[in-house]
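Chains as they are written, first to last, in my numbering: chain A, 39 to 185; chain B, 39 to 185.
What follows is a set of notes on a single structure, which appears directly below.
There are 2 protein chains.
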Amino acid sequence: MTRTSSLEAEISKVIERQAQGIHDKDAKAAVSHYAANAVIFDLAPPLRNASTGPALEQSLNDWFATWQGPIGYETRDFSITANDDVAFGHGFVRITGTKVDGEHNDLWVRQSLGFRKINGAWKIAHDHTSVPFYMDGSYKAAVDLKP
Amino acid sequence: MTRTSSLEAEISKVIERQAQGIHDKDAKAAVSHYAANAVIFDLAPPLRNASTGPALEQSLNDWFATWQGPIGYETRDFSITANDDVAFGHGFVRITGTKVDGEHNDLWVRQSLGFRKINGAWKIAHDHTSVPFYMDGSYKAAVDLKP
């Protein structure tokens, strides 16, 4: 395994574990993969989610509570560029499940992640998750797209 | 200037030049800052804009043609993390101007950029630009937010 592919494998594991934490609604596990001062551009407003640590854990738990049972959180086509202690990656995530009000969700989103190696462990320093919007005057979020 | 702040300065210049290219509606200049195989997650569908090179230049020119005069493209609060030949950055962009149909636009977006140093020059290998959407059942793009 080359140095580069070894770094990519390390970072892929962080992405997998974070996805598992979200699937399991384990906010403590999901937050553990973020750097202390991570900058998050989320699906929901505001432009930037400034929560970190326990506040981020709370906001994740609030979101988890809107779903019945586990959350489908399938990552696909992640590409990673890494060097030593800085990396970025991008790919798609399929979020599926049933909300507490009975609404079924099945949504593909794009995700970009920035990583820093801190005390020997890769942490998510930046997370940008979004869908595009239709520029037909409707300003509707494009929640019906597939990669 | 430390090695890190020197890298950040180099990358800031690329961000500024790319913004200038968009302001000036100079598609060739704007595209010149992208790596050949750049992956773009754009404001408009699809989830991933697969255009590169001349096709990307054409899609930029098509977008430029929807605006009267120059496009306001003000970058703010960009934070850059760099090491040797890999970097990522994130911040906000205010897009302002008048569309050809007379509609005035004034929109803040979030932007995440991944960079690789290729043949001694920093190139944008990944660009993710978006707004969040309202999770109040309207699925409206949040085009009225400020950083």
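Think of the CB as a built atom: it goes at the ideal place given N, C-alpha and C, for glycine as much as any other residue.
Beta strand (DSSP E) segments (min. 3 residues) lying fully within the region 82-135 of chain A: 105-121
Can you name the residues that DSSP bridges to valine 147/B? Reading the second sequence from its first residue, position 109 is the one you call residue 147/B. Note: valine 147/B sits in a beta bridge opposite Val131/B.
Classification of alanine 125/B by the beta-carbon crowding that lies within 10 angstroms, buried from 16 upward: For this step, residue 125/B is matched to residue 87 along the second sequence. Buried, because 16 or more other Cβ atoms sit within 10 Å of the Cβ of alanine 125/B.
Going along chain A, which residues have a C-beta under 7 Å from glycine 59/B? Numbered from its first residue, the second sequence carries residue 59/B at position 21. Near glycine 59/B there are no residues of chain A at all, since even the closest Cβ is about 21 Å away, more than 7 Å.
Can you pull the DSSP bridge partners for glycine 152/A? To locate residue 152/A, count along the first sequence from 1; it is residue 114. Residue pairing by DSSP places glycine 152/A opposite Phe126/A, His164/A in a beta bridge.
Could you give the distance in angstroms between the alpha-carbon of leucine 85/B and the alpha-carbon of lysine 184/A? For the purposes of this step, residue 85/B is identified with residue 47 of the second sequence, where counting begins at 1. For the purposes of this step, residue 184/A is identified with residue 146 of the first sequence, where counting begins at 1. C-alpha separation (whole angstroms): 7 Å.
Please report the residue range of the beta strand (DSSP E) in which valine 77/B lies. In the second sequence, the residue the question calls residue 77/B occupies position 39. Where valine 77/B is concerned, the enclosing beta strand (DSSP E) starts and stops at 72-79.
Less than 7 Å between the beta carbons of isoleucine 53/A and phenylalanine 116/A, yes or no? The residue given as residue 53/A occupies position 15 in the first sequence. The residue given as residue 116/A occupies position 78 in the first sequence. Contact: yes.
Under 7 Å from the C-beta of aspartate 80/A: neighbouring residues of chain B: For the purposes of this step, residue 80/A is taken as residue 42 along the first sequence, with counting starting at 1. Result: Pro170.
List, in order along the chain, the chain A residues whose C-beta lies closer than 7 Å to that of phenylalanine 130/B? Counting from 1 along the second sequence, the entry for residue 130/B is found at position 92. Those within 7 Å of phenylalanine 130/B in chain A are Leu85.
Nearest chain B C-beta to aspartate 144/A closer than 7 Å, yes or no? In the first sequence, the residue the question calls residue 144/A occupies position 106. Output row for aspartate 144/A: interface = no.
Using the rule of at least 16 other Cβ atoms within 10 Å of the residue's Cβ for burial, across every protein chain shown, is valine 77/B buried or exposed? Reading the second sequence from its first residue, position 39 is the one you call residue 77/B. Counting Cβ neighbours within 10 Å, valine 77/B comes out buried, since at least 16 surround it.
Phenylalanine 178/B by DSSP, collapsed to three states: which one? In the second sequence, counting from the first residue as 1, residue 178/B sits at position 140. What sits at residue 178/B in the sequence shown is lysine, not phenylalanine. In the structure shown, lysine 178/B sits in a strand (DSSP, three-state: E or B).
Would a C-beta distance cut-off of 7 Å place isoleucine 162/A and histidine 61/A closer than the cut-off? Here residue 162/A is taken as the residue at index 124 of the first sequence, counted from 1. Here residue 61/A is taken as the residue at index 23 of the first sequence, counted from 1. Using a Cβ distance threshold of 7 Å, isoleucine 162/A and histidine 61/A do not count as a contacting pair.
Between arginine 148/B and histidine 142/A, how many whole angstroms is the CB-CB distance? I'm expecting something under 8 Å. If you number the second sequence from 1, residue 148/B lands on position 110. If you number the first sequence from 1, residue 142/A lands on position 104. Their Cβ separation, rounded to whole angstroms, is 28 Å, which puts arginine 148/B and histidine 142/A out of contact at 8 Å.
So who's on the other strand from alanine 159/B, going by DSSP bridges? For the purposes of this step, residue 159/B is taken as residue 121 along the second sequence, with counting starting at 1. Alanine 159/B pairs with Ile156/B.
Taking 7 Å as the CB-CB limit, is asparagine 99/B close to chain A? Indexing the second sequence from 1 puts residue 99/B at position 61. Output row for asparagine 99/B: interface = no.
Can you give the Cα-Cα distance for alanine 65/B and arginine 154/A, rounded to whole angstroms? Residue mapping note: residue 65/B aligns to position 27 of the second sequence, counting from 1. Residue mapping note: residue 154/A aligns to position 116 of the first sequence, counting from 1. Their backbone Cα atoms lie some 33 Å apart in a straight line.
Can a CB atom of chain A be found closer than 7 Å to the CB of tyrosine 126/B? Mapped onto the second sequence, residue 126/B falls at position 88. The residue asked about is misnamed: residue 126/B is phenylalanine in this sequence, not tyrosine. Output row for phenylalanine 126/B: interface = yes.
Would you say valine 77/A faces chain B, with C-beta separation under 7 Å as the test? By one-based count along the first sequence, residue 77/A stands at place 39. So, interface residue.
Mapping DSSP to helix, strand and coil, what is lysine 66/A? One-based indexing of the first sequence puts residue 66/A at position 28. Here lysine 66/A sits in helix by DSSP.
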